[in-house]
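S.K.: Just add 181 to the spot in the sequence shown (first one is 1) and you have this note's numbering.
We put the beta carbon where it would ideally sit given N, CA and C, even for glycine.
Just so we're clear, the structure is a prediction, and the values are computed from it rather than from any experiment.
Here it is, the structure in full.
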Amino acid sequence: MPSLKRKEYEDLLEPLEEELVAMARWARHTGARICVVFEGRDTAGKGGAIRAVSQRLNPRQCRIVALSKPSEAEMTQWYFQRYTPYLPAAGEIVLFDRSWYNRAGVEQVMGFTEQSRVDQFLTEAPVFERMLVDDGILLFKYWLTTDQANQEERLAERLEDPLKRWKLSPIDLAAREKYAAYTDAREKMLRATHTEHAPWTLVDFNDQKRGRLTLIRDLLDRLPDTHIEPPALEFPDLGHAPMTETYSVIEPIDDFPID
C-alpha cells in the first residue's frame, strides 16, 4: 500500500480534527475524563500521533505526559504512584507518551528492573486499570507497530537530521539489537493486560500518516456521541475604524528579513 502524501494526509486529517475539537467540548461539558496511553517501539511514531491528536485542542484541557526516568525517591514508591498525579480530572484529556507500561517494555528488555518486578506489574496492571475504569475514567491503550526495516531507516534519519538528533539516545541504539526481545515482551504484556475492561488496540505505523488517521478514527469511534453545539456568542460591530498599534516607550524589533 503506497504511503500517504502530505497533502492527502492533511485533507483527511482536517475533518478528524474537527471531531477532536468536538470531543474536547463534549468532555468539558460532561466532565468526562479521557486517558489515552501511547506505547510502541522507538521511532514508531508516538510523538507524531500525540501531536495529531492534541494540536488543535486547548493545552489547558489536553495535557501530554512524558515522564523521565524515576528519581531515587520514586523508585522506592508503589510503582503506579508516580503516574496517578497525572490522571485526568473532570473535563480533561491526558495523553501518555509512554506510561506505566515502561516496566513491561524498556525496563524489562534493557535489564533496568528485576524479572520478579515485571511479573508483579503484569499481575497488578489490570487491577490498577480496573480501578481507573470503575471510577469513570475513559481509558484507551494504543500500541504503535513498525517493522525493523522502518525502525532502522528512522533511526538513521535521526542520526543525520540536526532537527531530530535530540530524539536519539544510547538506549535507542542499544535497543536495535533487541527487536525480537521487544516483540516477546510485548506479547507477554498483551496476554496479561489485554482485558475486557481495558483492552489494547494495535495500530500499524509503518506508514505513520496513515497510522495517525487510523488511531484517531478508532479513538473517536469508541466514544459516545460527542456532538454538542458551541455556546452562542454575539459579535457586535466594533463601532469605529480598527485601530493601529502605537508605541511611546519602545518600538518592535525589525521584521525577519525576507529576500
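Classify tryptophan 381 as helix, strand or coil using the three-state DSSP reduction.
M.R.: Mapped onto the sequence shown, residue 381 falls at position 200. Strand, per DSSP.
S.K.: Who does tryptophan 324 pair with in a DSSP beta bridge?
M.R.: For the purposes of this step, residue 324 is taken as the residue at position 143 of the sequence shown. DSSP lists Glu220, Leu383 as partners of tryptophan 324.
S.K.: Using beta-carbon positions only, say whether threonine 327 and glycine 228 come within less than 9 Å of one another.
M.R.: On the sequence shown, residue 327 is found 146 positions in, with the first residue counted as 1. On the sequence shown, residue 228 is found 47 positions in, with the first residue counted as 1. Taking 9 Å as the Cβ cut-off, threonine 327 and glycine 228 do not qualify as a contacting pair.
S.K.: To which residues of the same chain is asparagine 387 closer than 7 Å at the C-beta, ignoring the five residues directly before and after it?
M.R.: Position 206 of the sequence shown, counted from the first residue, corresponds to residue 387. Result list for asparagine 387: Thr327, Asp328, Asn331, in chain order.
S.K.: Look at the Cβ atom of arginine 244, then the Cβ atom of valine 275, and state whether they are nearer than 9 Å.
M.R.: For this step, residue 244 is matched to residue 63 along the sequence shown. For this step, residue 275 is matched to residue 94 along the sequence shown. For arginine 244 and valine 275, yes; Cβs fall inside 9 Å.
S.K.: In whole angstroms, what separates the C-alpha of glutamate 200 from that of methionine 291?
M.R.: Against the sequence shown, residue 200 aligns to sequence position 19. Against the sequence shown, residue 291 aligns to sequence position 110. Cα-Cα distance, rounded: 39 Å.
S.K.: Roughly how many whole angstroms lie between the Cα atoms of aspartate 418 and proline 412?
M.R.: Here residue 418 is taken as the residue at index 237 of the sequence shown, counted from 1. Here residue 412 is taken as the residue at index 231 of the sequence shown, counted from 1. Cα-Cα distance, rounded: 19 Å.
S.K.: Give the straight-line distance between the Cα atoms of alanine 356 and arginine 237, rounded to the nearest whole angstrom.
M.R.: As a working mapping, residue 356 is identified with position 175 in the sequence shown. As a working mapping, residue 237 is identified with position 56 in the sequence shown. Near 33 Å, if we compare the C-alpha coordinates of arginine 237 and alanine 356.
S.K.: Let me check you understand the geometry: is the CB of alanine 422 closer than 8 Å to at least one non-hydrogen atom of the ligand ADP?
M.R.: The ligand ADP is absent from the structure shown, which contains no ligands of any kind.
S.K.: Residues in its own chain within less than 7 Å of leucine 371 by CB, not counting five upstream and five downstream?
M.R.: Within the sequence shown, residue 371 is the residue found at index 190, counting from 1. Trp381, listed in sequence order.
S.K.: Let me know if aspartate 453 comes out buried or exposed under the rule of 16 or more other beta-carbons within 10 Å of its beta-carbon.
M.R.: Lying before the first or after the last residue shown, residue 453 is absent from the chain, which here runs from 182 to 440.
S.K.: What are the complete beta strand (DSSP E) segments, minimum 3 residues, inside the region 289-352?
M.R.: Runs of the beta strand (DSSP E) inside the region 289-352: 319-326.
S.K.: Considering Cα atoms alone, identify which of Val314, Glu426, Cys216, Ala306 is closest to proline 269.
M.R.: Locating residue 269 in the sequence shown gives position 88, where the first residue counts as 1. The shortest Cα separation from proline 269 among Val314, Glu426, Cys216, Ala306 belongs to Cys216.
S.K.: On the DSSP bridge list, what partners appear for phenylalanine 277?
M.R.: Here residue 277 is taken as the residue at index 96 of the sequence shown, counted from 1. Per DSSP, Val218, Val246.
S.K.: Note down the Cα distance separating glutamate 410 from phenylalanine 437, rounded to an integer number of angstroms.
M.R.: Looking up residue 410 in the sequence shown gives position 229. Looking up residue 437 in the sequence shown gives position 256. Their backbone Cα atoms lie some 40 Å apart in a straight line.
S.K.: Would a C-beta distance cut-off of 9 Å place threonine 395 and alanine 306 closer than the cut-off?
M.R.: The residue you call residue 395 lines up with position 214 of the sequence shown. The residue you call residue 306 lines up with position 125 of the sequence shown. No; because the gap between Cβ atoms is not below 9 Å, this pair is not in contact.
S.K.: Can you have a look at methionine 424 and say buried or exposed, based on whether 16 or more other CB atoms are within 10 angstroms of its CB?
M.R.: Within the sequence shown, residue 424 is the residue found at index 243, counting from 1. Exposed, since its Cβ has fewer than 16 Cβ neighbours within 10 Å.
S.K.: For a test of the three-state rule: what should DSSP assign to valine 287, helix, strand or coil?
M.R.: On the sequence shown, residue 287 is found 106 positions in, with the first residue counted as 1. Residue state, collapsed to three classes: helix.
S.K.: Can you tell me which of Gln389, Lys345, Val202, Leu401 puts its alpha carbon nearest to the alpha carbon of proline 183?
M.R.: As a first step, residue 183 must be located in the sequence shown, where it is residue number 2. The shortest C-alpha separation from proline 183 is found at Gln389.
S.K.: On the CB-based measure, 16 or more other CB atoms within 10 Å of its CB, does glutamine 289 come out buried or exposed?
M.R.: Position 108 of the sequence shown, counted from the start, is the residue given in the question as residue 289. By the 10 Å Cβ count, glutamine 289 comes out buried.
S.K.: With a floor of 4 residues, list each alpha helix (DSSP H) that falls wholly inside the region 379-438, ordered by position along the chain.
M.R.: Segments of the alpha helix (DSSP H) lying fully in the region 379-438: 389-402.
S.K.: At a cut of 8 Å, does the region 193-209 reach the region 296-303 through at least three beta carbon pairs?
M.R.: At 8 Å Cβ cutoff, the stretches do not touch.
S.K.: Label glutamate 273 either buried or exposed according to how many other C-beta atoms from any shown protein chain fall within 10 Å of its C-beta, with 16 as the threshold for buried.
M.R.: Taking the first residue of the sequence shown as position 1, residue 273 is located at position 92. Flag for glutamate 273 reads buried.
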